[in-house]
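**Q**
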Amino acid sequence: MTRRRLAFLLVLGAILLGTPAFAVGTAAQQSWHADQARIPEARAAGRGGADVIVAVLDSWIDGAHPDFEGRVLPGADCLRATCRPGPASSDACDHGTHVAGTVAASSFGVATKARILPVRVLAFDAESQECVGRPDDVAAGIRWAVANGARVLNLSLGPDVPGLAISPSILRAVDAAANAGAVVVFSAGNASVPITDAYGSSALIVAATGPDGSLASYSQRGAGVDLAAPGGDPRTPGVCTQQDCVTSLFPNARYSVAAGTSMAAPHVSGVAALLYAQDPARTRDQVVERMLSTARPLADAGHGLLDAQAALGVGPNQPTIAQAGAPPEQVTAPAPPTPAPPPAASPAPAPATFVAAPVAPPAAVPAATPPVGATAAPAPEDPAAVPAKQLLPVAAPGAPTVPVPVPIWTATLAAVLLLLAGGGTVAASRGYH
Numbered sequence: 058m059t060r061r062r063l064a065f066l067l068v069l070g071a072i073l074l075g076t077p078a079f080a081v082g083t084a085a086q087q088s089w090h091a092d093q094a095r096i097p098e099a100r101a102a103g104r105g106g107a108d109v110i111v112a113v114l115d116s117w118i119d120g121a122h123p124d125f126e127g128r129v130l131p132g133a134d135c136l137r138a139t140c141r142p143g144p145a146s147s148d149a150c151d152h153g154t155h156v157a158g159t160v161a162a163s164s165f166g167v168a169t170k171a172r173i174l175p176v177r178v179l180a181f182d183a184e185s186q187e188c189v190g191r192p193d194d195v196a197a198g199i200r201w202a203v204a205n206g207a208r209v210l211n212l213s214l215g216p217d218v219p220g221l222a223i224s225p226s227i228l229r230a231v232d233a234a235a236n237a238g239a240v241v242v243f244s245a246g247n248a249s250v251p252i253t254d255a256y257g258s259s260a261l262i263v264a265a266t267g268p269d270g271s272l273a274s275y276s277q278r279g280a281g282v283d284l285a286a287p288g289g290d291p292r293t294p295g296v297c298t299q300q301d302c303v304t305s306l307f308p309n310a311r312y313s314v315a316a317g318t319s320m321a322a323p324h325v326s327g328v329a330a331l332l333y334a335q336d337p338a339r340t341r342d343q344v345v346e347r348m349l350s351t352a353r354p355l356a357d358a359g360h361g362l363l364d365a366q367a368a369l370g371v372g373p374n375q376p377t378i379a380q381a382g383a384p385p386e387q388v389t390a391p392a393p394p395t396p397a398p399p400p401a402a403s404p405a406p407a408p409a410t411f412v413a414a415p416v417a418p419p420a421a422v423p424a425a426t427p428p429v430g431a432t433a434a435p436a437p438e439d440p441a442a443v444p445a446k447q448l449l450p451v452a453a454p455g456a457p458t459v460p461v462p463v464p465i466w467t468a469t470l471a472a473v474l475l476l477l478a479g480g481g482t483v484a485a486s487r488g489y490h
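Residue numbering for the sequence shown follows our numbering, starting at 58 and increasing by one per position.
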């Protein structure tokens, strides 16, 4: 699909809106996905993941985004199975920035003080218009990340790397990482079918849930899944909003909503970082056991739905760490969570983005909380399946202007003007898993 055609489809239900970006140091924002996994109650107990390095093996990552607050390390480019230290060059892939933001952004991240180690294993392929990689590149990236201090590795890759789940080099690399004390987290995939065990017994495989807490319509499930975590499930196929998708970061100081098991896995990686930060003496096995044993039961989702509050042993009616089975010397008295101050807005405007008319928030989000915005995407070929693979910019949270519905004649006129102008600002759709 050409950019102009995509622009036309987006304008049919969208308006252009410029909003201020968040300032550096923005406090954690409320979102249905953080609430569902009970993350706000756990952040303080886990010191926000401070001093923990989480490797994100993905596409390039925009480490200059202000909501990372300078916590993105140089990392490495591991294409062609050789890891070259230093920031990877940017391309049309924006998946990595969204995933890394879900782990550790100051606004919508889980572990808001963790450090991100970007490991590029996906690159944009001009012929297929997809972000693709090879198993040997990923295996090299896993080894490099562990050798460079990563205690948690997030791999939201799926079919972007053909043969990844059964590659012998991946199985060896994952086992070696686990033996070195690292938690390795994979997204389960978006095929809506049962899966068998993949990536080896040392990997954590994560399915996705929607805002109602059930497994997302597209998520793989059943045998082989270890946990479920929030990944989003659009109520309208092909249309992500803040109320039903995962809000995170987009390159160039912007924000985006997306859905998929790619968005679920980094919630687990972020909670693993909180557990390591709460008690740096914890072993890899103890961190994994905490998350599995405290998950809330959910059919076809392995041990169940991720519960950060229970995993860190905080909040009312929660077992202490000692009661849950950790050795007494591992017990850490958590500090109570502190309320987040209101965000400060930067005077610099963010780039104009397409924002769809708002919808009523689900029960997981208080009605008094104004929506960040919504982003329209083309409907998938299969209406029953959510693409869950589109990263589309949305307005920065805290926007003073609330989007409103656009009359069809206005939208049509805007589309014509946009086409005549050569496309304008377009949020391109690319495939991710």
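Glycine residues also receive a C-beta, built at the ideal position from the N, C-alpha and C atoms.
Is the Cβ-Cβ distance between E98 and G370 less than 8 angstroms?
**A** no
**Q** Identify, in the order they occur along the chain, each residue of the same chain with its Cβ nearer than 8 angstroms to the Cβ of D364, setting aside the five sequence neighbours on each side.
**A** The answer, listed in chain order, is A94, R95, T351, A352, R353.
**Q** For a test of the three-state rule: what should DSSP assign to S305, helix, strand or coil?
**A** strand
**Q** What did DSSP end up calling F165 once you bin it into helix, strand or coil?
**A** Looking at F165 - three-state DSSP - the assignment turns out to be coil, as it is neither helix nor strand.
**Q** Under the rule that 16 or more other beta-carbon atoms within 10 Å means buried, what is A237, buried or exposed?
**A** exposed
**Q** Hey, L306 and A121: beta-carbon distance below 8 angstroms or not?
**A** Result no, Cβ atoms of L306 and A121 do not sit closer than 8 angstroms.
**Q** Whole-angstrom Cβ separation of A180 and D148, contact assumed at under 8 angstroms?
**A** Sure, about 6 angstroms apart at Cβ, within 8 angstroms.
**Q** Helix, strand or coil: how does DSSP classify A433 here?
**A** Unreliable positioning characterises A433 in this predicted model, as indicated by a pLDDT of 31, which lies under 50. A coordinate reading is not provided.
**Q** Closest to S88 by CA distance: which of G106, G267, V111, D108 is it?
**A** G267
**Q** Would you call the CB atoms of D92 and C135 closer than 8 angstroms?
**A** no
**Q** Where does S350 fall in DSSP's three states?
**A** helix
**Q** Near Q277, what residues of its chain come up, given a Cβ to Cβ distance below 8 angstroms and the 5 sequence neighbours on each side ignored?
**A** Excluding residues within five positions, the ones whose Cβ falls inside 8 angstroms are A245, G246, N247, A248, S249, V250, P251, I252, A264, T318.
**Q** Can you check DSSP and say which residues form a bridge with R311?
**A** DSSP lists F307 as partners of R311.
**Q** Using CA atoms only, rank isn't needed, just tell me which of G295, I262, A310, Y275 is closest to M348.
**A** I262
**Q** Which one of R104, A84, A334, S271 has the shortest CA to CA distance from D124?
**A** A84
**Q** Quickly, what does DSSP pair R141 with across the bridge? List them, please.
**A** D134
**Q** Among residues of its own chain, excluding the 5 on either side of G166, which ones have a beta-carbon nearer than 7 angstroms to its beta-carbon?
**A** G158, T159, V160, G327
**Q** Select from E346, A338, A329, G359 the residue whose C-alpha is nearest the C-alpha of R100.
**A** A329
**Q** Do R341 and V240 have their C-beta atoms within less than 8 angstroms of each other?
**A** yes
**Q** If you reduce the DSSP assignment to three classes, tell me which class A338 lands in.
**A** coil
**Q** Drop a sphere of 10 angstroms on the beta-carbon of D439, count the other beta-carbons inside from all chains shown, and report buried for 16 or more, exposed for fewer.
**A** Model confidence at D439 stands at a pLDDT of 32, short of 50, so the residue's coordinates are unreliable; what they give is reported in the following sentence. By the neighbour-count rule (16 or more Cβ atoms within 10 Å), D439 is not buried but exposed.
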